[in-house]
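Sequential numbering of the sequence shown, starting at 78, is according to our numbering.
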Amino acid sequence: MSVDITADRDVGGAIVTPPRRRRRIPRALAWAVVIPFAAWAVARVAGLEQGALVTQIMTGTPYVAAGSLLPVVLAALARDRAVTAVALVTAAALGSSVLPRTIGSSETAGTPLRVLTLNMLFGGAEPETVTALVRRLRPDVLSTQELTPEMVEKLDAAGLRELLPHRLLAPEPGASGSGLYARYPLEPLEGMFRPVGHNMPAATITLPGVKPVEIVDVHPYAPMEDHIREWTAALEAFPPAVPDRIRILAGDFNASLDHAAMRRFLSRGYADSADRAGRGLTPTWPANRRIPPLITIDHVVVDQRVQVNEVSVHTVPGTDHRAVFADLRLPLP
78 MSVDITADRD
88 VGGAIVTPPR
98 RRRRIPRALA
108 WAVVIPFAAW
118 AVARVAGLEQ
128 GALVTQIMTG
138 TPYVAAGSLL
148 PVVLAALARD
158 RAVTAVALVT
168 AAALGSSVLP
178 RTIGSSETAG
188 TPLRVLTLNM
198 LFGGAEPETV
208 TALVRRLRPD
218 VLSTQELTPE
228 MVEKLDAAGL
238 RELLPHRLLA
248 PEPGASGSGL
258 YARYPLEPLE
268 GMFRPVGHNM
278 PAATITLPGV
288 KPVEIVDVHP
298 YAPMEDHIRE
308 WTAALEAFPP
318 AVPDRIRILA
328 GDFNASLDHA
338 AMRRFLSRGY
348 ADSADRAGRG
358 LTPTWPANRR
368 IPPLITIDHV
378 VVDQRVQVNE
388 VSVHTVPGTD
398 HRAVFADLRL
408 PLP
């Protein structure tokens with residue numbers, strides 16, 4: 078008698094698919110990528126930059142913050158808890174240092190004061206464009222840096238005197254000249270602080286119906302190897318805000334909000350108008366080059382009591398800086 082041995086069993090058996098191996102980044106590689114970002118975050122948050130080179134490259138923090146997402150991805154692929162934790166804390170620290178500059182609000186209460194600032198690159202800015210910008214934006218104050226005697230004449234010939242008839246000028250050949258132009262009377266201010274760097278004239282401007290406002294034309298040396306101490310000293314020399322008057326400082330600070338010295342200055346009662354308006358990441362230098370503007374070193378700094386309605390940045394031919402315009406609202410009496 079024959080027996081059917083296939084009656085009670087499946088033919089062919091079960092098909093088993095071997096599990097796919099997930100790609101895993103080497104732990105050492107993940108740490109190698111995370112550590113430089115973490116070191117940058119520590120230096121930025123703690124204000125540890127030292128020396129000219131580190132001070133200059135600290136302006137690249139917004140780009141490093143964007144790039145800090147890469148270590149997070151690599152840490153996740155490495156499947157290591159420690160490196161993932163460090164990558165996440167690093168990204169959070171850099172992000173919290175940068176992202177608030179993109180969040181702002183407009184304020185319309187108070188007396189309007191419009192301020193425009195421009196570094197003219199050894200007097201090379203196109204005077205007709207500058208005058209057209211003044212005519213369109215209608216600033217009450219124009220703060221100029223690298224203002225040469227020849228540039229003063231060209232601006233007047235282009236019609237600036239009719240638009241901003243009041244002035245406090247300290248023009249010089251090269252980079253040291255500066256000057257304030259205004260729609261309303263200016264009164265020179267002496268002894269407010271000890272300027273360190275290029276010419277930095279200061280004045281009070283009297284607007285109809287409000288107390289006089291103090292205006293400072295800012296232009297310290299750039300934080301290069303030969304001038305890093307003077308650059309730091311210039312930011313430290315600016316006077317703190319005071320309760321009985323409103324003070325505005327506008328110009329080429331040669332500093333970004335990622336510099337500890339700039340943040341220390343702002344902590345003495347000031348705010349960056351572009352930061353308030355959510356435009357704090359709009360770069361102002363270098364302009365009119367083969368590469369686009371990369372860093373933000375031109376500012377209109379205001380007393381914390383001043384509200385900011387709008388901030389805009391404008392390219393002017395002939396100079397490597399972009400003009401910064403701030404539409405401000407002074408506190409009501």
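Think of the CB as a built atom: it goes at the ideal place given N, C-alpha and C, for glycine as much as any other residue.
Give a yes or no on whether the C-beta atoms belonging to residue i and residue j are separated by under 7 Å.
i, j, result
"residue 380", "residue 280", "no"
"residue 136", "residue 335", "yes"
"residue 283", "residue 248", "no"
"residue 192", "residue 105", "no"
"residue 178", "residue 352", "yes"
"residue 375", "residue 329", "yes"
"residue 121", "residue 173", "no"
"residue 371", "residue 190", "no"
"residue 200", "residue 337", "no"
"residue 163", "residue 118", "no"
"residue 401", "residue 194", "yes"
"residue 299", "residue 331", "yes"
"residue 273", "residue 314", "yes"
"residue 257", "residue 242", "no"
"residue 142", "residue 171", "yes"
"residue 292", "residue 390", "no"
"residue 333", "residue 392", "no"
"residue 339", "residue 129", "no"
"residue 294", "residue 350", "no"
What is the DSSP secondary structure of residue i, counted as helix, strand or coil?
i, result
"residue 403", "strand"
"residue 82", "Note that residue 82 has pLDDT 49, beneath the 50 cutoff, so the model's placement of it is unreliable and the number below is only indicative. Residue 82 falls in the coil class under three-state DSSP."
"residue 384", "strand"
"residue 271", "coil"
"residue 77", "Lying outside 78 to 410, the shown extent of the chain, residue 77 is not represented and no answer is given."
"residue 189", "strand"
"residue 368", "coil"
"residue 335", "coil"
"residue 211", "helix"
"residue 309", "helix"
"residue 194", "strand"
"residue 233", "helix"
"residue 260", "coil"
"residue 101", "coil"
"residue 156", "coil"
"residue 356", "coil"
"residue 323", "strand"
"residue 199", "coil"
"residue 128", "helix"
"residue 225", "coil"
"residue 251", "coil"
"residue 409", "coil"
"residue 180", "coil"
"residue 205", "helix"
"residue 287", "coil"
"residue 315", "coil"
Leaving out the 5 sequence neighbours to the left and right, which residues in its chain are closer than 6 Å to residue i when beta-carbon positions are compared?
i, result
"residue 110", "148 and 151"
"residue 154", "102"
"residue 384", "184, 187 and 406"
"residue 157", "104"
"residue 297", "274, 308, 311 and 331"
"residue 180", "355"
"residue 253", "275 and 276"
"residue 82", "For residue 82, the pLDDT reaches just 49, beneath the cut-off of 50, and the residue's location in the model is therefore unreliable, leaving the point undetermined."
"residue 342", "312 and 315"
"residue 139", "175 and 358"
"residue 262", "243 and 283"
In the DSSP assignment, what residue or residues form a beta bridge with residue i?
i, result
"residue 280", "265 and 292"
"residue 391", "400"
"residue 362", "372"
"residue 243", "259"
"residue 347", "380"
"residue 219", "193 and 258"
"residue 329", "375"
Please return the same chain residues whose Cβ sits closer than 7 Å to the Cβ of residue i, not counting the five positions on each side in sequence.
i, result
"residue 212", "240"
"residue 397", "198, 362, 363, 364, 365 and 366"
"residue 394", "203, 206 and 365"
"residue 268", "none"
"residue 108", "160"
"residue 387", "183, 354 and 404"
Only counting the same chain, and skipping five residues up and downstream in sequence, which positions put a Cβ closer than 8 Å to that of residue i?
i, result
"residue 84", "With a pLDDT of only 49 at residue 84, under 50, the local geometry of the prediction cannot be trusted, and the value read off the model is given with reservation. No residues qualify anywhere along the chain."
"residue 235", "204, 205, 207 and 208"
"residue 287", "188, 407 and 410"
"residue 144", "114"
Exercise. At a cut of 8 Å, does the segment 294 to 313 reach the segment 353 to 367 through at least three beta carbon pairs?
Worked result: no
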